[in-house]
Amino acid sequence: MVKLYACTFAIVSHVPADKRTFKTKPELAWEIIENAINQGLEFNWVGMDSLYGSNSKLLAKLEEQGLRYVADVRSNQKFYVRDVSGALVYQRVDRLWVERGGEQAEHVHFRNATKGPFTHRCCA
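Residue numbering for the sequence shown follows UniProt numbering, beginning at 1 and increasing consecutively.
Here is the structure:
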């Protein structure tokens with residue numbers, strides 16, 4: 001007979017019940033960024049993978065604070081962008097890259113790394 005034990009890290013580590021709250025990874029990321037700002041930590045930009053780059057609430061908070069960021073996004077993620085006539089359209093990233101990537105992409109310098117400058121071709 002196999003005994004199954006149901007316990008969580010919070011219970012094992014003796015975290016009081018009133019201190020246990022659920023937060024998503026993007027919510028935790030914002031807490032970390034907000035704490036860094038409040039503690040006076042200086043940084044030039046925030047980098048994130050597509051889990052965070054696809055979270056509109058996190059991106060909105062970064063924008064509201066005027067923080068620069070570089071975010072990976074999924075190819076099927078959609079953004080509002082202006083077309084050539086100035087109209088606002090909701091379009092997938094992969095379509096945007098096909099239509100605008102060649103003409104509007106630029107090499108962006110992020111930092112100096114041990115093997116030279118770290119740059120990437122980006123489209124804003």
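C-beta atoms are modelled at their ideal positions from N, C-alpha and C, and glycine is treated no differently.
Does DSSP classify residue i as helix, strand or coil?
i, result
"N55", "coil"
"P117", "strand"
"N44", "coil"
Just to confirm, are residue i and residue j a CB contact at a threshold of 9 Å?
i, j, result
"G53", "Q77", "yes"
"R68", "W45", "yes"
"T21", "N55", "no"
"F79", "V93", "yes"
With 16 other CB atoms within 10 Å as the buried threshold, where does residue i fall?
i, result
"I11", "In this prediction, I11 scores a pLDDT of 49, lower than 50, which makes its location untrustworthy; no coordinate-derived value is stated."
"P16", "exposed"
"N38", "exposed"
"Q104", "exposed"
"V29", "Reading off the sequence shown, one finds Ala at residue 29, where the question assumed Val. Buried."
"P26", "buried"
From the beta carbon of residue i, is the nearest beta carbon of chain B less than 9 Å away?
i, result
"Q77", "The displayed structure is made up of one protein chain only, and chain B is not part of it."
Curious, which full-length beta strand (DSSP E) runs of at least 3 residues does the region 73-105 contain?
78-82, 88-92
If we count Cβ pairs, one from each stretch, closer than 8 Å, do we get three or more for the region 23-34 versus the region 51-71?
yes
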